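Structure, as structure tokens:
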Amino acid sequence: MPLLRSVFIALSRNRLLRSFSERSAVGRRMSSRFVAGMEIGDALRVAAAVNRQGMAVTLDSLGESVTSEVEAHMAAEIYHQLLDSIAAQKLNANISVKLTQMGLELSPELAETIAEGLASHAGATANFDRIDMEDSSLTQVTLDIVRRLHARPALRGAIGIVIQSYLYRSQADIEQLLADGIRVRLCKGAYKEPDEVAFPRKADVDANYVRLSCLLLDSPIYHGLATHDEAMIAEAKSFARQHGIDPSRFEFQMLYGVRRDLQRSLVREGYNVRVYVPFGREWYPYFMRRLAERPANVLFLMRNFFRA
Ligand code: FDA
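Residue numbers for the sequence shown follow my numbering, beginning at 6 and rising by one.
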């Protein structure tokens, strides 16, 4: 792992810097490139604006690893409000939820009960609840919860999952999910993982991404390919063309503020694009992970900051 990436991942876990940054006006201003704002209203305004540009949205209320049951229920309440607001404002948006924010590390049963409530609310409002994937210590429990919930007739189609191409296990997981009929978002993976569980070389992560995208595209289920990597996108487009897979049968997904040019050009070409829009006061770890992916973003942010 390149040095700068490790530095930003280490900084993303630094509590002092986090609490300072989240409170400071400078920190908020820097983060606004990647984070929609602090409140639900900010997220809904951004979602409407992204919709007007011809793209769908998935909303992420930032926050990870809660420390009490009350906090987990408070985090879920924000998502319930989002689902109601999305329906009321007729937005083309769904939700992305982290199970650690729903109390997974306190009690898997608590997280499952909360996730069940969110998926059933999503189902009742003709919407969809995507469960984000976190680090590899949580892969199995996340899969188990999503598969169990999806197996309930009332929640079928209302809940989906994320698979990371850097994990060795992902092909087997995808085969299982396809057999269950579960919608998958494929990404490369954003956490620091040991060589025993994840490909250490980027070339292998990318090759696996292409292999897994083809598996997903070839299935009758509507999946999301989450990447800003033009090579991955070109491979998916060419596989779809060669196999007569209509662009309406899948979507590309990208993060808010990242490669906006590419987002727009895919829309112009007639592909479905969904933008992942995070919001909320706990933006610091998310923001640091975006810098870890591309340390050149620091220069970009500094330039914009001093220009403004
Ligand atoms: P890669 O990192 O190889 O980058 C390819 C190119 O994309 C770069 O050369 C650059 O041009 C551009 N790029 C990438 N990141 C950039 C950035 N931050 N700023 C500017 N340019 C950038 N991860 C996870 O573990 N669990 C999850 O649930 C999710 N969910 C998720 C949803 C969505 C919609 C997206 C797009 C991504 C995620 N991720 C995620 C994150 C994902 O695993 C991965 O870390 C990032 O998407 C970066 O990988 P890329 O595929 O973009 O390629």
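Cβ coordinates follow ideal geometry from the N, Cα and C atoms, glycine included. In this text, all values refer to a predicted model and were calculated from it rather than measured experimentally.
Give me, in chain order, the residues of the same chain whose beta-carbon lies closer than 7 Å to that of G59; leave out the 5 immediate sequence neighbours on both sides.
Contacts found: V272.
Cβ of R264 within 7 Å of any heavy atom in the ligand FDA?
Yes.
Alpha carbon to alpha carbon, how far is H248 from G46? Give it in angstroms, no decimals.
If you draw a straight line from the Cα of G46 to the Cα of H248, it is about 42 Å long.
Give the straight-line distance between the Cα atoms of C192 and I168, rounded to the nearest whole angstrom.
C-alpha separation (whole angstroms): 6 Å.
Provide the residue span of the beta strand (DSSP E) that contains C256, from first to last.
It should be noted that the sequence gives Glu, not Cys, for residue 256. Element bounds for E256: F255 to L260.
Taking all protein chains shown into account, do 16 or more other C-beta atoms lie within 10 angstroms of the C-beta of A77, making it buried, or fewer, making it exposed?
Buried: at least 16 other Cβ atoms inside 10 Å.
According to DSSP, simplified to helix, strand and coil, what is D89?
helix
Given a cut-off of 8 Å on the beta-carbon distance, is the pair V215 and E240 in contact?
Note that the C-beta distance between V215 and E240 is below 8 Å.
Tell me whether A156 sits in a helix, a strand or coil according to DSSP, three-state version.
coil
What does the alpha-carbon distance come out to for the pair A98 and A52?
Distance between the alpha carbons of A98 and A52: 7 Å.
Count the other CB atoms within 10 Å of the CB of L304; is the residue buried (16 or more) or exposed (fewer)?
exposed
Is E298 near the ligand FDA, with its Cβ less than 7 Å from a heavy atom?
yes
To the nearest angstrom, how far is it from the Cα of R153 to the Cα of T144?
When rounded, the distance between both Cα atoms is 14 Å.
Compute the beta-carbon to beta-carbon distance between R135 and V102, rounded to the nearest angstrom, for a pair I have assumed lies under 8 Å.
7 Å
Within the present structure, is the beta-carbon of C192 separated from the nearest heavy atom of the ligand FDA by less than 7 Å?
yes
Roughly how far, in whole angstroms, is the beta-carbon of R295 from the beta-carbon of N302, given that I think they are within contact range, below 8 Å?
6 Å
Does the distance between the C-beta of N302 and the nearest non-hydrogen atom of the ligand FDA fall short of 7 Å?
yes
Would D65 be called buried (16 or more neighbouring beta carbons within 10 Å of its own) or exposed?
buried
Whose CA, out of R23, R264 and A30, lies closest to the CA of R299?
R264
For the ligand FDA, is there a heavy atom less than 7 Å away from the beta-carbon of R295?
yes
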